[in-house]
Amino acid sequence: MSRHRALVTGASGFIGSHLCEVLRERGHDVRAMVRRSSRLDKLEDAAKGEPFALAYAGLDDVAALEQAVRGVDVVYHVAGKTAAFDRAGFDAANVDGVGNLFEAIARAKRAGEGPRRVVLVSSLMAAGPSHPKNPRREHHRVEPGFTDYGDSKLDAEKLALAAAREGELELVIVRPPLVYGPRDEDVLQMIKSAAMRVVAQPGLRPTWMSAIHGRDLAAGIALVGERGCCLPADPVVDEDVHVLAGGGVDPATPGAVLDPRGAGIYYVSDGGRTSVAEFGQVSAALLGRRALTIPMPAIAVRSVGWLNQGIGRARGRVPALTLDKARGSLSPGWWCDDARAREELGWEQQFDLERGLEDTIRWLRDRGEL
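Here's what the structure looks like:
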């Protein structure tokens, strides 16, 4: 796809601001969707003195969403909720929000002003954990039921697929793993812990996970928007496990589908694998510290999540570690294979873990956070 007019939802956030920046650098016209109440410091940082065109809309306002999507070619849907007290909190933004967005797109298309493609930024957690010895790939059957967050993103994928087919829209799904980098405030607590020479490891043994720098993720999403293979017109959708593919399930290979493409879905990562312990130890080393890794039994992790959640409810603020995040941290692993994005899109990451954390620590120091 040549130069296009793009709408980025969630543009004031960590990933959204990086995506706006990368899309502009690649020559696209960018419209940044934000709420009236949004802080715009990340977006202003990304703008580098040349403000983005703004569209004001929330995911609960179909009329405002319709105005936001009118006249664009591609919608990059980044907005959503990554932290909530319960499933209902996730669904309000991640599922209902997607439904409202596609209703707005349908209205705009009826008026002849709708987009032709939607890039849905989902999550590796929508697919479920990886096997300890094997990464997740696009054609693997998903395994819901591990986290409320992941299940809400999976339901958003289902809803988007149905709406895209009905509205004759191109739909592409990106499932990122752990994302970190400048403008990400969530990673600050992990790095601050490493600075205090302590790295808490969920579980008694380290589990593998993938990670990606925010700017690298933005570059991958942009490539998907430009030339990613969209979901087939007649994908297989298993109502129980949500298999997306052009063929059926291979009974001899549980968790696999016959279509080797996994068409319409992309994983992107830094190409390696890491663990919470390694993430913390690399951070500590870059800070010139030696940190002690402390394995935490599952019951301790869940207890901390439960306690944090209770305190958070009393204060009216979702804590960094909720019970849902505790469950996710104790899963077998969150590791994915991004070979398909590299082969089909020619995507290459710029940051490995060490360089990415170095960049993040530099940003935190510049802000006076470390």
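Per the working numbering, the sequence shown runs over residues -9 to 360.
Each residue gets a CB set at the ideal place from its N, CA and C atoms; glycine is no exception.
| Item | Value |
| --- | --- |
| Using the rule of at least 16 other Cβ atoms within 10 Å of the residue's Cβ for burial, across every protein chain shown, is Asp50 buried or exposed? | exposed |
| Looking only at its own chain, which residues have a Cβ that is under 7 Å from the Cβ of Ala281, when we skip the five neighbours before and after it? | Ala184, Arg187, Val188, Val189, Gly270, Gln271, Ala274 |
| Determine, using beta carbons only, whether Val65 and Pro105 come nearer to each other than 7 Å. | yes |
| Could you name the residues of the same chain whose beta carbon sits closer than 8 Å to that of Ile289, not counting the 5 residues immediately before and after it, in chain order? | none |
| Could you tell me the boundaries of the beta strand (DSSP E) in which Arg107 lies? | 107 to 111 |
| Ends of the beta strand (DSSP E) at Val189? | 188 to 192 |
| Say whether the segment 188 to 206 touches the segment 148 to 161, bearing in mind that this needs 3 or more beta-carbon pairs closer than 8 Å, one atom from each stretch. | no |
| At a cut of 8 Å, does the segment 135 to 149 reach the segment 211 to 218 through at least three beta carbon pairs? | no |
| Of the residues Ala53, Pro41, Phe75, which one's Cα is nearest the Cα of Arg303? | Phe75 |
| Let's see if you can read the secondary structure: which residues bound the alpha helix (DSSP H) around Arg(-5)? | Premise fails: Arg(-5) lies in the beta strand (DSSP E), -5 to -1, not in any alpha helix (DSSP H). |
| Using the three-state DSSP reduction, which class does Cys10 fall into: helix, strand or coil? | helix |
| For Glu128, does the three-state DSSP call read helix, strand or coil? | coil |
| Going straight from the alpha carbon of Glu359 to that of Asp81, what length do you get? | 32 Å |
| Determine the direct distance from the alpha carbon of Arg(-7) to that of Val68, and round the result to whole angstroms. | 20 Å |
| Please work out which residues of its chain come closer than 6 Å, Cβ to Cβ, to Arg25, disregarding the five sequence neighbours upstream and downstream, and give them in chain order. | Gly48 |
| Please report the straight-line C-alpha distance between Pro287 and Arg317, rounded to a whole angstrom. | 12 Å |
| Would you call the segment 123 to 141 in contact with the segment 94 to 108, where contact means no fewer than 3 C-beta pairs closer than 8 Å? | no |
| Just how far apart, CA to CA, sit Met115 and Pro166? | 9 Å |
| On the premise that Asn84 lies in contact with Lys38, defined as a C-beta separation below 8 Å, what is that separation, rounded to the nearest angstrom? | The Cβ separation is near 31 Å, so there is no contact. |
| List the endpoints of the continuous beta strand (DSSP E) containing Val24. | 19 to 24 |
| If you draw a straight line from the C-alpha of Glu56 to the C-alpha of Asp63, how long is it? | 14 Å |
| Any idea if Pro119 is buried or exposed, counting beta-carbon neighbours within 10 angstroms, 16 or more meaning buried? | buried |
| Return the bridge partner residues of Val64 from the DSSP annotation. | Ala(-4), Arg107 |
| Since I believe Val164 is in contact with Ile5 (beta carbons under 8 Å), could you give me their beta-carbon distance rounded to a whole number of angstroms? | The pair is not a contact, with the Cβ atoms about 10 Å apart (cut-off 8 Å). |
| Below 8 Å on the Cβ atoms is my guess for Ala331 versus Gly171; work out the distance and round it to an integer in Å. | Contact doesn't hold; Cβ gap of about 18 Å is too wide. |
| Under a three-way DSSP split, which group does Trp324 fall into? | strand |
| Do Leu30 and Ser7 come within 7 Å of each other at the CB atom, strictly closer than that value? | no |
| Skipping 5 residues on each side, what residues in its chain have a beta carbon closer than 7 Å to that of Ala299? | The amino acid occupying residue 299 in the given sequence is Gln; Ala does not appear at that position. Counting only Cβ-Cβ distances below 7 Å, and skipping sequence neighbours, we find Phe75, Pro309, Thr312, Leu313. |
| Who does Val164 pair with in a DSSP beta bridge? | Val111, Tyr256 |
| Let me check one thing: in DSSP terms, what residues is Ala43 bridge-paired to? | Arg21 |
| Here's the rule I'm using: 16 or more other beta-carbon atoms within 10 Å means buried, otherwise exposed. How should Leu297 be labelled? | exposed |
| Below 6 Å CB to CB, which residues in the same chain sit around Gly140 once its five sequence neighbours on both sides are set aside? | Met115, Ala116 |
| Alpha carbon to alpha carbon, what distance is there between Pro285 and Val88? | 38 Å |
| Is the beta carbon of Cys220 closer than 7 Å to that of Glu160? | yes |
| For Glu93, which residues in the same chain have their Cβ closer than 6 Å to its Cβ, ignoring the five residues on either side in sequence? | Val52 |
| Return the chain-ordered list of same chain residues with a C-beta closer than 6 Å to the C-beta of Asp228, the five sequence neighbours on each side being excluded. | Low confidence applies to Asp228: its pLDDT is 49, below 50, so where it sits in the model is not reliable enough to give any reading. |
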